[in-house]
Each structure stands twice: as structure tokens, then as C-alpha cells.
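All you need for the working numbering is the position in the sequence shown, starting with 1, plus 1443.
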Amino acid sequence: MKDELWMRTWNDGHPRFSDDLHRGLLWLFAPLRRLGARIVRRAATAEPAPLTAPRRDAA
């Protein structure tokens, strides 16, 4: 009987738990998403490094 009551309680509260978990994960990952966007934006606007021929040592 206790198992049945526990499962009913779990089923009744599961949607709220899932919503809270989803909202919490979005809150945790939002700074990482902004940081990634900032890195991509900075890389897109940076000047490309000029390609140079490899130097050979005069031995």
C-alpha cells in the first residue's frame, strides 16, 4: 500500500518536478551559452593571421 501511495504522489508531482528541473538547467547553462556566443562573435570579427612560409634553418 505504501508503494502505491508513493507512486501516486510521484505521478502527481512529476510534471512540476520536470518543469523545475528544466528551468534550473536553463538557468545553469545560460551563462555558458552567452560565453560561447561571445567567443564565436569575437572569432568571426578577428583578423585572420597571415600565412607565412615555414622558415628553414641555414645549417
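Ideal Cβ placement from N, Cα and C applies to all residues, glycine included. None of the values given here were measured: they were computed from a predicted structure.
Per DSSP, reduced to three states, the secondary structure at residue 1487 is helical.
Assignment of residue 1499 by DSSP, reduced to helix, strand and coil, places it in the coil class. Assignment of residue 1458 by DSSP, reduced to helix, strand and coil, places it in the helix class.
In the three-state DSSP reduction, residue 1474 falls in the helix class (H, G or I).
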